[in-house]
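Undergrad:
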DNA sequence: TTGGCATTAATTGCATGCAGAGCACGAAAA
DNA sequence: TTTTCGTGCTCTGCATGCAATTAATGCCAA
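Residue numbers (UniProt numbering), protein chains in the order written: chain P, 1 to 244; chain X, 1 to 244.
(1) Under 8 Å Cβ to Cβ from residue 158 (chain P), same chain only, skipping five residues before and after it: list those, please.
(2) Checking contacts by CB at 7 Å: is residue 70 (chain X) closer than that to chain P?
(3) Could you name the residues of chain X that residue 227 (chain P) contacts, counting a contact when the two beta carbons are closer than 7 Å?
(4) Please confirm whether residue 180 (chain P) and residue 42 (chain P) have their CB atoms less than 7 Å apart.
(5) Classify residue 145 (chain X): buried if its beta carbon has 16 or more other beta carbons within 10 angstroms, exposed otherwise.
(6) Would you kindly check if the distance between the Cβ of residue 220 (chain X) and the Cβ of residue 107 (chain X) is under 7 Å?
(7) Among all the DSSP beta bridges, which residues are the ones paired with residue 90 (chain X)?
(8) Could you name the residues of the same chain whose beta carbon sits closer than 8 Å to that of residue 122 (chain P), not counting the 5 residues immediately before and after it, in chain order?
(9) Which residues in chain X have a C-beta closer than 9 Å to the C-beta of residue 104 (chain P)? List them in chain order.
(10) Restricting to runs no shorter than 4 residues, where is the alpha helix (DSSP H) found entirely within the segment 109-142 of chain P?
(11) Start and end of the alpha helix (DSSP H) containing residue 144 (chain X)?
(12) For residue 165 (chain P), which of helix, strand or coil comes out of DSSP?
(13) Determine, using beta-carbon pairs with one atom in the segment 45-64 of chain X and one in the segment 198-206 of chain X, whether at least three such pairs fall under 8 Å.
(14) Please confirm if residue 108 (chain X) has its CB atom under 7 Å from at least one CB of chain P.
(15) Of the residues that make up the segment 120-143 of chain X, which ones have a beta carbon closer than 7 Å to any beta carbon in chain P?
(16) Can you check which of these residues, P:101, P:196 and P:187, is closest to residue 156 (chain P) by C-alpha distance?
(17) With residue 44 (chain X) as the anchor, note down where its alpha helix (DSSP H) starts and where it stops.
(18) Just the Cα atoms here: how many angstroms apart are residue 116 (chain P) and residue 169 (chain P)?
(19) Thinking residue 178 (chain P) and residue 79 (chain P) are a contact (beta carbons under 8 Å), I'd like their distance in whole angstroms, please.
(20) With 16 other CB atoms within 10 Å as the buried threshold, where does residue 51 (chain X) fall?
(21) Could you give the DSSP three-state label for residue 189 (chain P): helix, strand or coil?
(22) My understanding is that residue 174 (chain P) touches residue 165 (chain X), with C-beta atoms under 8 Å, so please give their C-beta distance in whole angstroms.
(23) Determine the closest residue to residue 118 (chain X) out of X:229, X:104, X:217 and X:71, with distance taken between C-alpha atoms.
(24) Go ahead and pull the three-state DSSP assignment for residue 157 (chain X).
(25) Quick check on the burial criterion: 16 or more other C-beta atoms within 10 angstroms. Buried or exposed for residue 85 (chain X)?
(26) Within 10 Å of its beta-carbon, does residue 113 (chain X) have 16 or more other beta-carbons around it, so buried, or fewer, so exposed?
(27) What residue from P:60, P:46, P:176 and P:207 has the CA that sits closest to residue 104 (chain P)'s CA?
(28) What span of residues does the alpha helix (DSSP H) with residue 214 (chain X) cover, start to end?
(29) Just how far apart, CA to CA, sit residue 32 (chain X) and residue 54 (chain P)?
(30) Name the chain X residues that come within less than 7 Å of residue 28 (chain P), Cβ to Cβ?
(31) Going by other Cβ atoms of all chains shown within 10 Å of its Cβ, with 16 needed for buried, is residue 227 (chain P) buried or exposed?
(32) Compare the C-beta of residue 53 (chain P) with all C-beta atoms of chain X and state if any pair is closer than 7 Å.
(33) Output the distance between the C-alpha atoms of residue 211 (chain X) and residue 199 (chain X), rounded to the nearest integer angstrom.
(34) Determine the direct distance from the alpha carbon of residue 135 (chain X) to that of residue 192 (chain X), and round the result to whole angstroms.
(35) Run through chain X and tell me which residues come within less than 8 Å of residue 45 (chain P), C-beta to C-beta.
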């Protein structure tokens with residue numbers, strides 16, 4: 001017969017998914033695809049409202065449609081993708097009121113997390129928080145905005161983790177990606193920066209004092225303020241669309 | 001050639017999924033499968049810890065493995081199913097501490113929802129709540145426990161819906177299925193019943209008074225009490241396993 | 001020109017086939 | 001007897017093929 005047996009199964013050369021190969025316990029292609037797509041959506045490479053055609057995407061990612069479809073379903077549960085029957089999925093659009101609701105939800109969850117964290121956080125975690133806070137203030141002083149954002153995110157994640165509550169943490173993570181989209185689209189509002197750093201200091205103090213009510217209220221307010229500032233930043237960005 | 005053309009695509013006779021055909025805007029098989037599996041898991045037909053073999057399940061549901069796999073992924077995100085690489089997925093087990101964390105999370109979310117609901121609930125929704133409360137008290141008086149549970153669930157869902165916050169509602173729904181599993185496994189503790197009805201009355205009053213702080217606190221405490229009672233019921237149920 | 005209908009092209013949804021990972025069972029070695 | 005390795009089987013993971021649905025286009029009639 002044909003001496004060259006063309007393999008029908010796994011081809012040898014995926015395209016865009018290799019970089020993740022060295023790290024973990026070898027995730028399935030669908031998980032890798034989900035992560036990759038999440039990143040592409042959050043960073044705006046896949047524009048909001050854009051149609052996600054299965055054949056195009058699967059070709060771009062170097063995988064077949066099956067794992068891609070599984071990944072899209074996951075992202076739909078997270079709210080990053082909108083699935084319509086018999087039609088191409090679309091990257092979810094983030095309307096103004098949705099951003100508002102999103103930050104309300106995050107504030108609710110982080111308040112609960114902060115209250116629990118005030119009771120359960122370990123000395124080591126507190127030490128880590130202090131360290132992150134110090135770094136954040138250094139970046140603030142240096143005017144390094146993007147490092148500030150990264151640290152800000154780490155701090156919030158650490159507080160939620162310190163609550164030792166799996167379901168709460170999962171809910172928080174799911175909402176976080178969507179909030180990140182909004183954050184990227186808004187104009188920098190450095191006006192809020194000073195305030196935010198100060199609020200973080202107060203939250204840290206409340207956690208050190210192991211005061212659940214204060215920690216919860218301060219963190220919820222902080223998130224609320226962030227949401228408000230972000231909405232303003234979005235309004236500005238929409239007003240002058242040339243400033244991409 | 002062969003006059004009998006065996007159709008490779010969609011066969012004509014699904015098996016277990018027909019009943020849902022008359023209702024909605026025709027969901028895909030994967031969504032139907034997800035709903036069906038969710039129900040089977042919650043009601044305990046698929047026992048906790050049991051392996052979910054794709055070929056068996058797909059045959060039982062009358063669908064192929066592809067949509068089944070998609071459904072399993074969704075349930076994994078909801079935490080009802082545990083996915084292990086290259087192994088059969090298992091129905092997630094609910095350990096004691098997980099139940100505790102679950103109710104903490106639900107309490108957190110419902111507190112936030114109640115606070116928002118106190119500000120946003122409409123007169124019509126309030127009226128509906130009063131009506132549900134009256135029905136619930138009637139079932140209570142009549143000793144009809146299962147109707148009481150159903151109404152209890154409706155009331156909680158209505159309060160969350162009245163908060164007008166999509167992300168919060170989604171997070172709540174995801175957690176609810178898992179809580180329902182625990183509820184089904186615990187022994188009836190009618191001792192808590194009277195207390196629970198009274199707490200519901202107080203929550204309704206706080207919403208009518210449009211008092212966010214009270215509504216939030218009362219609802220969170222109510223959920224906390226429910227969780228504690230449920231843990232006790234689970235401990236009893238584990239102690240005498242013959243009382244299935 | 002415009003409205004309605006048939007036809008075609010594009011794309012999703014589902015079924016199935018193939019390759020490899022993991023587990024069980026059993027034989028051989030210690 | 002216990003341990004280790006090998007062999008086979010079962011099951012998942014992924015790729016691909018077929019059918020059905022939808023949107024797009026052109027055609028005809030009003």
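Just so you know, even glycine gets a beta-carbon here, dropped at the ideal spot from N, CA and C.
TA: Well, looking at it:
(1) Against the first chain, residue 158 (chain P) aligns to sequence position 158. Closer than 8 Å at Cβ, skipping near neighbours: 125, 128, 129 and 132.
(2) As a first step, residue 70 (chain X) is located in the second chain; it is residue number 70 there, counting from the start. Taking Cβ atoms only, chain P reaches closer than 7 Å to residue 70 (chain X), which makes this a yes.
(3) By one-based count along the first chain, residue 227 (chain P) stands at place 227. Against chain X, a Cβ distance below 7 Å from residue 227 (chain P) picks out nothing, because the smallest value is about 12 Å.
(4) One-based indexing of the first chain puts residue 180 (chain P) at position 180. One-based indexing of the first chain puts residue 42 (chain P) at position 42. Yes, the pair counts as a contact, with Cβ atoms nearer than the cut-off.
(5) Indexing the second chain from 1 puts residue 145 (chain X) at position 145. Per the 10 Å Cβ criterion, exposed.
(6) Start at 1 with the first residue of the second chain, and residue 107 (chain X) comes out as number 107. Start at 1 with the first residue of the second chain, and residue 220 (chain X) comes out as number 220. The Cβ atoms of residue 107 (chain X) and residue 220 (chain X) lie closer than 7 Å to each other.
(7) For the purposes of this step, residue 90 (chain X) is taken as the residue at position 90 of the second chain. As a beta-bridge residue in DSSP terms, residue 90 (chain X) pairs with X:51 and X:82.
(8) Along the first chain, read from residue 1 onward, the residue named residue 122 (chain P) stands at position 122. Same-chain partners within the cutoff: 162.
(9) Locating residue 104 (chain P) in the first chain gives position 104, where the first residue counts as 1. Correct list: 112, 116, 163, 165, 167 and 168.
(10) Fully enclosed alpha helix (DSSP H) runs of 4 or longer: 123-142.
(11) For this step, residue 144 (chain X) is matched to residue 144 along the second chain. Segment: none, residue 144 (chain X) is in no alpha helix (DSSP H) and carries neither H nor E.
(12) Locating residue 165 (chain P) in the first chain gives position 165, where the first residue counts as 1. Three-state result, residue 165 (chain P): coil.
(13) No: the two stretches stay apart, fewer than three of their Cβ pairs being nearer than 8 Å.
(14) Locating residue 108 (chain X) in the second chain gives position 108, where the first residue counts as 1. Residue-level contact check: residue 108 (chain X) touches chain P, since one or more beta carbons of chain P fall below 7 Å from its beta carbon.
(15) Going along the segment 120-143 of chain X in chain order, one finds no residue with a Cβ nearer than 7 Å to chain P.
(16) Here residue 156 (chain P) corresponds to residue number 156 of the first chain, with the count starting at 1. Measuring C-alpha to C-alpha distances from residue 156 (chain P) to each of P:101, P:196 and P:187 identifies P:196 as the nearest.
(17) As a position in the second chain, residue 44 (chain X) is number 44, starting the count at 1. From DSSP, residue 44 (chain X) is part of no alpha helix (DSSP H); its letter is neither H nor E.
(18) On the first chain, position 116 is the one that residue 116 (chain P) refers to. On the first chain, position 169 is the one that residue 169 (chain P) refers to. Taking the straight line joining both Cα atoms gives about 12 Å.
(19) The residue given as residue 178 (chain P) occupies position 178 in the first chain. The residue given as residue 79 (chain P) occupies position 79 in the first chain. Cβ-Cβ separation between residue 178 (chain P) and residue 79 (chain P): approximately 6 Å, consistent with a contact (criterion under 8 Å).
(20) Along the second chain, read from residue 1 onward, the residue named residue 51 (chain X) stands at position 51. So residue 51 (chain X) counts as exposed.
(21) Reading the first chain from its first residue, position 189 is the one you call residue 189 (chain P). Residue state, collapsed to three classes: coil.
(22) Here residue 174 (chain P) is taken as the residue at index 174 of the first chain, counted from 1. Here residue 165 (chain X) is taken as the residue at index 165 of the second chain, counted from 1. The Cβ separation is near 14 Å, so there is no contact.
(23) Counted from its first residue, the second chain places residue 118 (chain X) at position 118. When only C-alpha atoms are compared, the closest one is X:217.
(24) For this step, residue 157 (chain X) is matched to residue 157 along the second chain. In the three-state DSSP reduction, residue 157 (chain X) falls in the helix class (H, G or I).
(25) As a first step, residue 85 (chain X) must be located in the second chain, where it is residue number 85. Exposed is the call here.
(26) Along the second chain, one-based indexing puts residue 113 (chain X) at 113. It counts as buried.
(27) Mapped onto the first chain, residue 104 (chain P) falls at position 104. Considering only alpha carbons, the answer is P:176.
(28) Here residue 214 (chain X) refers to the residue found at position 214 of the second chain. Here the alpha helix (DSSP H) through residue 214 (chain X) covers 212-239.
(29) Residue 32 (chain X) sits at position 32 when you count from the first residue of the second chain. Residue 54 (chain P) sits at position 54 when you count from the first residue of the first chain. When only Cα atoms are considered, residue 32 (chain X) and residue 54 (chain P) end up about 22 Å apart.
(30) Residue numbering aside, residue 28 (chain P) sits at position 28 when the first chain is read from its first letter. Within chain X, the C-beta atoms nearer than 7 Å to that of residue 28 (chain P) come from 85, in chain order.
(31) Along the first chain, read from residue 1 onward, the residue named residue 227 (chain P) stands at position 227. For residue 227 (chain P), the number of other beta carbons within 10 angstroms of its own is at least 16, and it is reported as buried.
(32) Mapped onto the first chain, residue 53 (chain P) falls at position 53. Cβ-Cβ to chain X under 7 Å: no for residue 53 (chain P).
(33) In the second chain, counting from the first residue as 1, residue 211 (chain X) sits at position 211. In the second chain, counting from the first residue as 1, residue 199 (chain X) sits at position 199. Cα-Cα distance, rounded: 15 Å.
(34) By 1-based counting over the second chain, the position of residue 192 (chain X) is 192. By 1-based counting over the second chain, the position of residue 135 (chain X) is 135. Approximately 18 Å between the Cα atoms of the pair.
(35) Residue numbering aside, residue 45 (chain P) sits at position 45 when the first chain is read from its first letter. Here the premise fails: no neighbours, minimum Cβ distance about 24 Å.
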